[in-house]
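Heads up, the thing below is written out as structure tokens.
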Amino acid sequence: MEELLRRSEKLTTVGQLAAGVAHEIRNPLTTLRGFLQLQKQSGSLNLSHVNLMLSELDRINLIVGEFLILAKPQATKFVTKDVRDIMKDVLLFLDSEAHLHNIEFRTILTQEECLISCEENQMKQVFINLLKNAIEAMPGGGPVHISIQRKSASIAISITDEGIGIPEEMISQIGDPFFTAKEKGTGLGIMVSQRIINSHQGTLELQSQVSVGTSVKLTLPALTDGA
Ligand code: ADP
Ligand code: MG
Numbered sequence: 371m372e373e374l375l376r377r378s379e380k381l382t383t384v385g386q387l388a389a390g391v392a393h394e395i396r397n398p399l400t401t402l403r404g405f406l407q408l409q410k411q412s413g414s415l416n417l418s419h420v421n422l423m424l425s426e427l428d429r430i431n432l433i434v435g436e437f438l439i440l441a442k443p444q445a446t447k448f449v450t451k452d453v454r455d456i457m458k459d460v461l462l463f464l465d466s467e468a469h470l471h472n473i474e475f476r477t478i479l480t481q482e483e484c485l486i487s488c489e490e491n492q493m494k495q496v497f498i499n500l501l502k503n504a505i506e507a508m509p510g511g512g513p514v515h516i517s518i519q520r521k522s523a524s525i526a527i528s529i530t531d532e533g534i535g536i537p538e539e540m541i542s543q544i545g546d547p548f549f550t551a552k553e554k555g556t557g558l559g560i561m562v563s564q565r566i567i568n569s570h571q572g573t574l575e576l577q578s579q580v581s582v583g584t585s586v587k588l589t590l591p592a593l594t595d596g597a
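Under the UniProt record's numbering, residues 371 to 597 are what the sequence shown spells out, in order.
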């Protein structure tokens with residue numbers, strides 16, 4: 371685990387983000403329009419074109435969905451929660467997907483209370499994004515190690531896979547909006563997670579080594595009992 375990356379200095383402005391979103395959505399829209407035009411001209415329905423159109427629509431939906439999590443002003447409600455419980459919920463939610471890909475979640479959770487103040491759905495989304503990346507990094511399956519430890523003033527959470535890792539020349543781009551090395555990736559997972567963790571006064575760090583694996587370490591301020 372040699373490469374270390376601190377993402378917090380890397381937040382893009384709203385303007386840059388909006389331009390990126392517009393661009394990413396316009397591409398599938400252009401494709402959709404082209405295929406619809408074709409269908410209109412030929413006067414018959416071509417199933418493979420319909421399938422392509424559906425996958426372009428799915429892509430738009432995915433991109434918009436990732437942004438909705440960030441942009442829900444009314445729904446933002448901070449509650450006191452034990453991070454271990456949030457993690458357990460998420461692991462349950464991802465259980466069937468993990469099974470399907472021969473992934474085994476191995477957890478080490480402290481016995482101590484791990485209370486934080488958080489927007490619960492956003493925190494769940496961070497764990498889902500990071501665990502999905504871990505799963506996707508191990509196409510043949512393998513273990514994902516999840517640890518939650520209580521420090522004096524903070525909670526330390528780590529998610530570590532034994533997957534493909536991140537090449538050194540790529541690491542500075544991870545977390546840039548829409549940067550993805552995957553055919554079907556959106557390149558939004560790390561960026562969205564970083565923003566959520568920042569808005570919770572936490573930190574997110576990535577360590578990776580090619581063919582060894584990747585570890586994402588989060589810290590969040592801990593609430594003491596009764597706080
Ligand atoms: P996406 O998963 O849609 O590509 P992310 O923002 O979640 O977008 O991740 C961006 C890129 O960072 C990925 O395409 C991948 O190259 C790299 N990455 C993130 N997490 C991992 C991981 N656990 N192992 C290997 N590469 C990773
Ligand atoms: Mg991802």
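Ideal placement from N, C-alpha and C gives every residue a C-beta, glycine not left out.
Taking the Cα positions, residue 507 is about 11 Å away from residue 585. Taking the Cβ of residue 534 as the reference point, at least one heavy atom of the ligand ADP falls within a distance shorter than 8 Å. Among the bridge pairs identified by DSSP, residue 515 is matched with 476, 530. As summarised for the region 462–511, the continuous alpha helix (DSSP H) elements at least 4 residues long and confined to that stretch are 465–470, 490–506, given in chain order.
In this structure, the beta-carbon distance from residue 549 to residue 488 does not fall below 9 Å. Counting C-beta atoms within 10 angstroms of its own C-beta, residue 591 has fewer than 16 neighbours from the protein chains shown and is therefore classed as exposed. Annotated three-state conformation of residue 582 is coil, per DSSP.
Residue 387 and residue 547 have their C-alpha atoms some 7 Å from each other. The beta-carbon separation of residue 405 and residue 432, rounded to 19 Å, does not stay under the 8 Å limit for a contact. In the three-state reduction of the DSSP assignment, residue 400 falls in the helix class, which pools H, G and I. The region 480–495 and the region 451–463 touch, with no fewer than 3 CB-CB distances between them shorter than 8 Å. Nearest neighbour of residue 515 by Cα position, chosen from 403, 583, 466, turns out to be 583.
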